[in-house]
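Asks:
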Amino acid sequence: MVANPLRWTIRDLDAMPDDGGWKRYEIIDGELFVTRAPHIRHQGAGGNIQFALESWSRQTQLGKPFQAPGVIFTEIDAVIPDVIWISQERLAHGVDGSGHLIVAPELIVEVLSPGETNEQRHREVKLKLYSRHGVQEYWIVNWQLKALEIYRRLEAQLKLVATLLEGDSLTSPLLPGLSIPLESVFA
């Protein structure tokens, strides 16, 4: 007989000490992931995407982007994506009393931090998590290579549909009329 491994929950996250924002605590399938505050270029790329999504959202009134929100999918799945976009409909009933999202946003954006472990977490672990919980699009931004991967929900899971490079423009059927030149993401 094998003993059950320790599984972290959102209650455990609530008990974590406040370190002034220097660390990010996430749990995926009960496993704790702790990361440091990201590189300034990482934050810049995420901020530029959030700004473009905010401008588009103000014009269309279809939804709202947020930078580094808490997203609680289940008791053992709670993450802090770099950027999300959520429709007005989901937002209306998808926030708990502490201000965390408790429904899947339509779009999640993660900016890669350097290192093989970080890449694996974003390209495998989080990809599966977001697929399982109904995210419609997932963008992985690599600020070092100045590239952006687009995953879209096809046949009930997120699949890579495009990799954009400088010179390309980011568009999405999820966000009609949005066009973001990739140069502006990495400026």
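Residues in the sequence shown are numbered consecutively from 1, following the UniProt record's numbering.
Idealized CB from N, CA, C, for every residue including glycine.
Straight-line CA distance for residue 179 to residue 6?
Replies: If you number the sequence shown from 1, residue 179 lands on position 179. If you number the sequence shown from 1, residue 6 lands on position 6. Rounded to whole angstroms, residue 179 to residue 6 spans 44 angstroms at the Cα level.
Asks: Can you list, in chain order, the residues of its chain whose CB lies under 6 angstroms from that of residue 71, leaving out five sequence neighbours each side?
Replies: As a first step, residue 71 is located in the sequence shown; it is residue number 71 there, counting from the start. Taken in chain order, the residues that qualify are 79, 101.
Asks: Among 15, 105, 169, 137, whose alpha-carbon lies nearest the alpha-carbon of residue 146?
Replies: As a first step, residue 146 must be located in the sequence shown, where it is residue number 146. Per the Cα distances, 169.
Asks: Note down, in chain order, each residue of its chain lying with its Cβ closer than 6 angstroms to the Cβ of residue 73, except the 5 sequence neighbours on either side.
Replies: For the purposes of this step, residue 73 is taken as the residue at position 73 of the sequence shown. Excluding positions up to five away in sequence, the list reads 133.
Asks: Rounded to whole angstroms, what's the CA-CA distance from residue 164 to residue 31? Just pull it up for me.
Replies: Here residue 164 corresponds to residue number 164 of the sequence shown, with the count starting at 1. Here residue 31 corresponds to residue number 31 of the sequence shown, with the count starting at 1. Approximately 32 angstroms, taken between the alpha carbons.
Asks: The beta strand (DSSP E) that contains residue 126, what's its start and end?
Replies: By one-based count along the sequence shown, residue 126 stands at place 126. From DSSP, residue 126 is part of no beta strand (DSSP E) but of the alpha helix (DSSP H) over 126 to 132.
Asks: Given a threshold of 16 other Cβ atoms within 10 Å of its Cβ, counted over all protein chains shown, does residue 184 qualify as buried or as exposed?
Replies: To locate residue 184, count along the sequence shown from 1; it is residue 184. Exposed: under 16 other Cβ atoms inside 10 Å.
Asks: If we call anything under 9 angstroms between Cβ atoms a contact, is residue 111 one with residue 142?
Replies: As a working note, residue 111 is residue 111 in the sequence shown. As a working note, residue 142 is residue 142 in the sequence shown. In contact: residue 111 and residue 142 (Cβ atoms closer than 9 angstroms).
Asks: Using a 10 Å radius around the Cβ and a threshold of 16 neighbouring Cβ atoms, would you call residue 121 buried or exposed?
Replies: Within the sequence shown, residue 121 is the residue found at index 121, counting from 1. The residue is buried, with at least 16 neighbouring Cβ atoms inside 10 Å.
Asks: So, helix, strand or coil for residue 68, using DSSP?
Replies: For the purposes of this step, residue 68 is identified with residue 68 of the sequence shown, where counting begins at 1. If DSSP states are grouped into helix, strand and coil, residue 68 belongs with coil.
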